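If you're matching positions, the sequence shown starts at 13 in this note's numbering and goes up one per residue.
Shown next, in structure tokens, is the structure this report addresses.
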Amino acid sequence: MDAAAAHSIPAQTIRAAYTEIGRRVNTALRTQVGDAARLGEQRRECLRLLTLVGQHADLFSVDEYATIDNSVHQMISHLDEAAQHSSDPMDAPPMTITHRVSTGGRGRPRFELDPAVLEAALQLRGPTGLASVFGVAPRTIRRRALEHGFVQPGPPVYVDYISEDGSTTRIYTSSTAPTSDLSDEELDEITEQSPMPVFTAHPLQCLGQRGSKGESTLFQDQTRSTIMTDNMLSFTIDL
Numbered sequence: 013m014d015a016a017a018a019h020s021i022p023a024q025t026i027r028a029a030y031t032e033i034g035r036r037v038n039t040a041l042r043t044q045v046g047d048a049a050r051l052g053e054q055r056r057e058c059l060r061l062l063t064l065v066g067q068h069a070d071l072f073s074v075d076e077y078a079t080i081d082n083s084v085h086q087m088i089s090h091l092d093e094a095a096q097h098s099s100d101p102m103d104a105p106p107m108t109i110t111h112r113v114s115t116g117g118r119g120r121p122r123f124e125l126d127p128a129v130l131e132a133a134l135q136l137r138g139p140t141g142l143a144s145v146f147g148v149a150p151r152t153i154r155r156r157a158l159e160h161g162f163v164q165p166g167p168p169v170y171v172d173y174i175s176e177d178g179s180t181t182r183i184y185t186s187s188t189a190p191t192s193d194l195s196d197e198e199l200d201e202i203t204e205q206s207p208m209p210v211f212t213a214h215p216l217q218c219l220g221q222r223g224s225k226g227e228s229t230l231f232q233d234q235t236r237s238t239i240m241t242d243n244m245l246s247f248t249i250d251l
């Protein structure tokens, strides 16, 4: 813009623009807190006004120019702050759902979880999905849920049975459905019907023989089958 064009704008027009922008900025600061897009529009208007005032500085006295310049810069500062704030600020500190409790002994401190929040959260997700929410391991969530009675304990991994002679037999349990309902006697019968010589049969070959009869041999729970040879020698296959 050349000098002739610059002096073509009356000072009163610039003063009116300054007043109007001040009114708009004041409204935006009251109604658009947190709206960075709309506050950004007002900020650009303030910058354009600063450029215009700078180009017509000779139309104003030193004091008036300084007043306009300082006021517009304050508008820009307030707009920047409002863009970073939320229109609905919290009226209370954030809720703490996980906190550490010292046990007074050795080892790591204990993590306590808010029972009410934990109970409600377990209705939506499992321990793995809630680990990142509470900031603890899934196992910790499972333990606290058991302590508060929010979930039921699963079956034991194994049970030890003590016979009359004092020997202990450990029986393992599984949470998955069995892949075969054959008894030990039926397994022995199928194994003995193998066409290959029993004294040369490899355990995997015996398993293949059973599989060919339509029986699944995966994950058999501690099934033991004894194969007797012609000379009464025996070996045991652990499945």
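Glycine residues also receive a C-beta, built at the ideal position from the N, C-alpha and C atoms.
Since the model is a prediction, treat every value here as computed from it, not as a measurement.
In the three-state reduction of the DSSP assignment, E53 falls in the helix class, which pools H, G and I.
C58 is positioned such that its CB atom lies closer than 8 Å to that of V37.
Burial is judged here by how many other beta carbons sit within 10 angstroms of a residue's own beta carbon; Y184 has fewer than 16 and is exposed. Between I153 and L136, the C-beta spacing is not below 8 Å. For V84, the number of other beta carbons within 10 angstroms of its own is at least 16, and it is reported as buried. T115 carries a coil assignment under DSSP once its states are collapsed to helix, strand and coil. Note that the C-beta distance between L61 and A29 is below 8 Å.
R56 and Q67 have their C-alpha atoms some 17 Å from each other.
In the three-state DSSP reduction, E204 falls in the helix class (H, G or I). Within 10 angstroms of the beta-carbon of P165 lie fewer than 16 other beta-carbons, which makes it exposed. Assignment of L136 by DSSP, reduced to helix, strand and coil, places it in the coil class. Assigned with DSSP and collapsed to three states, R120 falls in coil, not helix or strand.
Your pair I109 and L125 checks out as a contact, with CB atoms roughly 6 Å apart and the cut at 8 Å.
The alpha-carbon of A48 is positioned some 28 Å away from that of A78.
With respect to the 8 Å criterion, P139 and P127 are not classified as neighbours on the basis of their beta carbons. Excluding the 5 residues flanking it on each side, I33 has same chain C-beta neighbours closer than 8 Å at Q54, E57, C58, L61, V84, M87, in chain order.
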